[in-house]
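To start, the structure under review is shown below, and the notes come after it.
Chains as they are written, first to last, in the numbering used here: chain H, 106 to 396; chain W, 106 to 396.
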């Protein structure tokens, strides 16, 4: 039996947890490795910490979670997570998590944890695309090359890029990466952390580079895995009025569908590859402005 | 300019709305046409009412919403929706909606509304599958035939069934319907209402009939449409321990991607078509039990 919280999740986000009457409280100090390049809370950190709290509060694995990004905590801040069980069934729990810094709301998560039901339906209704394995894939940095090596988000995770064959592209803008948090299995929390990539997937849909700000992240989880590497198959579906929607499939190296999700983002800055220097300067200037 | 609340949405769910300091309050009496066959609140009604409240509170169109189903309101109950704007930006608003009956929590929604940004990214990165139009599609009833004609959910909406060509099936269990609320354009709220079908899509993935109970519904919205009919392209992705995950694409008849979503459900009763009578009797017996 898995025990909760999972050690891998606490290695990623070092939560101090304390049981309450109807859930659990968590807190952690926001380190740069859990931030975006500008020192703001990376959305993936919020969904990961929320998932860990939901599982710890109920001693059961996460089934799905949606995290709504409300405001941006800054590096060095102490994030407090209040996790409440709003419905407790024989097997299924419905939970809500709010993340605050000094009383100000940073994010809200809603989701379920659930114990498996004996004889319950099990199945996978689609196959993984055929791609090169992580050992044969190109190292990839998911941001402007000038920021590589900073001690931010991109330092806690590793990415390698692969291409889909033409007949396996579900959308024009498919964007496929191997990803891992080195040394840790891809738990639901870690999958949520790695999968927070919608803006890039939408930009790819438009044949561009760049990105923007996630408004939310929604993940649905399949079977547990011991694998570190997962394949993130991302698709930008559409954009309207400056806002883009994308989806993600998470695959284990041996083809098990480990998760599935959707995300919406405010696509604030996209650009052609040739204009990267200019775009980077603009992005630095804009960071931190609200819209 | 669209004005909010949209008339089509109030025709579906007759909300009384009252502005508050930081949002809006809504209330409606739960009629049988907005219920499941057993007289419980249909999940689609909850996401539709939440979407309408979010738009009315901010005078802006919904971009995405996730509704978490916590408890089941019963026909005749008065549902009160408390809608709070938790972040208000120049264009983007983050909102939370809770639905109560007599002080007891029934559902929680989180989501965003947003005004389009001039010059913001616009695009659609995949094409609609080729299927027969609604006039050439078979009438479809999304439940046991014995329940047809009851004055429940299935009376407020119309469905017609079409098949995907083999090379356009994204998953084994694709399940494709034309759907409409007759006389109304497919607004975001109406799309959310129609799209609450995950359990059936997952059962189809397993080659079965039947369904279960939705735990949530998450929808992301594209451009506005004046079309009544929409094509709902649904896919069951995977099931584990009795819980299933599915996704949905919503298309206009002329191929515009109007929305995209994901949903998780507790698949409690699936069966082979030949066992429908027995399964129906069991389902009636089980309805209303919690798990």
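Glycine included, C-beta positions come from ideal geometry on N, C-alpha and C. Bear in mind that the values here come from a model prediction, so they are computed numbers and not experimental data.
Check                                                                                                                             : Outcome
Boundaries of the alpha helix (DSSP H) in which residue 307(H) is found, first to last residue                                    : 303 to 310
CB contact below 9 angstroms: residue 343(W) versus chain C                                                                       : No chain C is part of this structure, whose protein chains are labelled H and W.
Nearest candidate by alpha-carbon position, reference residue 335(H), set 181(H), 237(H) and 368(H)                               : 237(H)
Short CB-CB distance (under 9 angstroms) between residue 164(H) and chain W                                                       : no
Cβ-based neighbour list, residue 296(W), same chain, cut-off 6 angstroms, excluding 5 preceding and 5 following                   : 355 and 364
CB-CB length for residue 137(H) against residue 180(H), believed under 8 angstroms                                                : 5 angstroms
Under 8 angstroms (Cβ pairs) to chain W, residues found in the segment 365 to 386 of chain H                                      : 365, 366, 367, 369, 371, 372 and 375
Nearest-angstrom beta carbon gap, residue 307(W) and residue 370(W) [assumed within contact, 8 angstroms]                         : 6 angstroms
As assigned by DSSP and simplified to three states, the class of residue 285(W)                                                   : strand
C-alpha distance - residue 157(H) paired with residue 289(W), whole-angstrom precision                                            : 43 angstroms
Where the alpha helix (DSSP H) containing residue 219(H) begins and where it ends                                                 : No alpha helix (DSSP H) holds residue 219(H); the beta strand (DSSP E) holding it covers 209 to 219.
Beta-carbon spacing of residue 173(H), residue 361(H) below 9 angstroms                                                           : no
Interface partners of residue 403(W) on chain H, CB under 7 angstroms                                                             : With chain W covering 106 to 396 only, the question about residue 403(W) has no answer from this structure.
Residue 126(W) vs residue 120(W) beta-carbon contact at 9 angstroms                                                               : no
Listed by chain order, chain W residues near residue 235(H) by CB distance under 7 angstroms                                      : None at all; the shortest Cβ gap to chain W is about 16 angstroms.
Exposure label - residue 352(W); buried when at least 16 CB within 10 Å                                                           : buried
Residue 366(W) in three-state terms, based on DSSP                                                                                : strand
Whole-number beta carbon distance between residue 234(H) and residue 338(H), since they are thought to touch under 8 angstroms    : 6 angstroms
Contact check, residue 150(W) vs residue 183(W), beta carbons under 9 angstroms                                                   : no
Any 3 or more C-beta pairs closer than 8 angstroms across the segment 272 to 285 of chain H and the segment 314 to 327 of chain H : no
Closer than 8 angstroms at the beta carbon, the chain W residues around residue 168(H)                                            : 320, 348 and 369
Boundaries of the alpha helix (DSSP H) in which residue 318(W) is found, first to last residue                                    : From DSSP, residue 318(W) is part of no alpha helix (DSSP H) but of the beta strand (DSSP E) over 314 to 319.
Partner residues on chain H for residue 215(W), Cβ-Cβ distance less than 8 angstroms                                              : 171, 173, 213, 215 and 321
Amino acids of chain W, ordered along the chain, whose beta-carbon sits closer than 7 angstroms to that of residue 282(H)         : Here the premise fails: no neighbours, minimum Cβ distance about 18 angstroms.
Element boundaries [beta strand (DSSP E), containing residue 190(H)]                                                              : 183 to 193
Cβ pair residue 347(W), residue 148(H) closer than 9 angstroms                                                                    : no
Residue 383(H) burial status per 10 Å Cβ neighbour count (16 or more: buried)                                                     : exposed
Start-to-end residues for the alpha helix (DSSP H) that takes in residue 150(H)                                                   : 148 to 163
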